[in-house]
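Read the structure below first, then the notes.
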Amino acid sequence: MDWKTHIRTGSKAAGAMAAINLLILGVMMVIGYNTTPLDPSGVEIPIVVFAIATMIGGGIVPGLIGTVTWVKVNERWSEQSRVLFTLLALVIASFMTLPFTNPRVPTGDAYVLTAVLHYSTAILGSWFIPYFSNADKSAGHE
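To convert, note that position 54 of the sequence shown is 42 in this note's numbering; the numbers rise steadily by one, no gaps.
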């Protein structure tokens, strides 16, 4: 496993995912979904902190972990790998979003906001991670 290539690929995907998720967060705030989730003490998370958490949880972490996952999925199921990777991402987003699988899911507008961000992260990751992985292969960075 070439970690340098995976980190480069994951960083590219993470940057693209984080930037688009920040745009989605901004649009959601503008159209009225401006209630952020509560922190463990019961206080609403400040928007700046939530934006940073969006960059980390909606870009950096899934971009880097998703790249390693993509490599393993692609090695094992090369022809169906993109479909399986997308399904895996959507299943993870569902577990993070649904109230019966995650007891700390927010309610109201904050639920809509986090659900949109969870699923957008899954969809963006299933697009960008394979794209940047395949771009690195074709450019000879493997």
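For each residue, glycine too, the CB sits at the ideal point set by N, CA and C.
Predicted, not measured: the structure shown is a model, and the values here were computed from it.
Just to confirm, are I33 and T42 a CB contact at a threshold of 7 Å?
-> no
Test item: CB-CB of G51 and A1 under 7 Å | yes
Identity of the residues DSSP links to E32 by a beta bridge = L26
Output the distance between the C-alpha atoms of E130 and E63, rounded to the nearest integer angstrom.
-> Legend: pLDDT at E130 = 49, less than 50; position of this residue unreliable, no value from coordinates given.
Is DSSP giving S114 helix, strand or coil here?
-> helix
Note down the Cα distance separating V79 from V56, rounded to an integer number of angstroms.
-> 17 Å
Report the residue from A6, N122 and N22 whose alpha carbon sits nearest the alpha carbon of I40.
-> A6
I8 in three-state terms, based on DSSP | helix
Pair every Cβ in the region 99 to 106 with every Cβ in the region 10 to 21, then say whether three or more of these pairs are closer than 8 Å.
-> yes
Could you give the residue range of the alpha helix (DSSP H) that holds L52?
-> V49 to R64
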